[in-house]
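This report concerns only the one structure given below.
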Amino acid sequence: MGLFSGKKNNEELKKISDECLQTISKYIDSSTDENRLNMMFTKITIFRMKYDKKDSLFQNFVDRKKREQNLERNRLIILQMDDLLANILSFNDSEYEELNILMNAILPPQVANEKNGWNSFWRKFFELFDKGSGKK
3 MGLFSGKKNN EELKKISDEC LQTISKYIDS STDENRLNMM FTKITIFRMK YDKKDSLFQN
63 FVDRKKREQN LERNRLIILQ MDDLLANILS FNDSEYEELN ILMNAILPPQ VANEKNGWNS
123 FWRKFFELFD KGSGKK
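With the working numbering applied, the sequence shown covers 3 to 138.
Right under this line is the structure:
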């Protein structure tokens with residue numbers, strides 16, 4: 003039985019991850035800070051490369067085809083973030099910690115602290131995690 007076996011929890015996780023991704027996407031689409039965008043792209047790409055081994059061969063093939071459809075940097079950042087959020091349940095505790103450190107390092111405070119930003123996603127994710135494991 004999966005951690006988020008309840009349909010309601012899966013729907014809640016999808017909703018909060020979509021909201022977070024939308025907030026990050028808005029920032030990426032409106033940002034003129036080329037250095038930050040390049041840094042985000044590089045760090046997220048390195049993180050994804052490190053954890054791509056967790057995906058099946060088929061999933062890696064699908065991800066690659068998605069990335070090849072549009073090789074524009076901002077779209078690739080969003081695609082990689084979407085993939086990270088979609089696979090977040092396959093991470094272990096140290097990987098969660100590393101992801102949180104990464105996101106806090108690359109996202110400006112106004113995005114991390116926005117209503118549907120990273121910090122809100124992270125808090126809600128662990129509330130669902132606790133519910134799924136029976137802690138709450």
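C-beta atoms are modelled at their ideal positions from N, C-alpha and C, and glycine is treated no differently. Every value quoted in this text rests on a predicted model; they were computed, and no experiment measured them.
> Can you list, in chain order, the residues of its chain whose CB lies under 8 Å from that of residue 30, leaving out five sequence neighbours each side?
Replying inline: Excluding sequence neighbours, residue 30 sits near 39, 42, 76, 79 and 80.
> Span of the alpha helix (DSSP H) holding residue 52?
Replying inline: Element bounds for residue 52: 36 to 53.
>> Could you check whether residue 49 and residue 104 sit closer than 8 Å to each other, using their CB atoms as the reference points?
In response: Yes; because the gap between Cβ atoms is below 8 Å, this pair is in contact.
>> Quick test of the definition: if touching needs 3 or more C-beta pairs under 8 Å, does the region 106 to 116 touch the region 81 to 96?
In response: The region 106 to 116, when compared against the region 81 to 96, does not touch it at the 8 Å Cβ threshold.
>> What residue range does the alpha helix (DSSP H) around residue 1 cover?
In response: Residue numbering for the chain in the displayed model covers 3 to 138; residue 1 lies beyond these limits and cannot be assessed.
> Are residue 129 and residue 25 touching if we call contact CB-CB under 8 Å?
Replying inline: Cβ distance not < 8 Å, so residue 129 and residue 25 don't count as in contact.
>> Quick check on the DSSP output: the alpha helix (DSSP H) that includes residue 102 runs from which residue to which?
In response: Note, residue 102: alpha helix (DSSP H), 95 to 108.
> Taking DSSP as the reference, what is the three-state secondary structure of residue 32?
Replying inline: Residue state, collapsed to three classes: helix.
> Is residue 13 helix, strand or coil when you go by DSSP?
Replying inline: Here residue 13 sits in helix by DSSP.
> Taking the Cβ atom as the reference point for each residue, do residue 53 and residue 97 lie within a distance shorter than 8 Å?
Replying inline: Yes, Cβ-Cβ distance for residue 53 and residue 97 is below 8 Å.
> Expressed to the nearest angstrom, what Euclidean distance is found between the alpha-carbon atoms of residue 18 and residue 95?
Replying inline: Using only the alpha carbons, I get a separation of about 20 Å.
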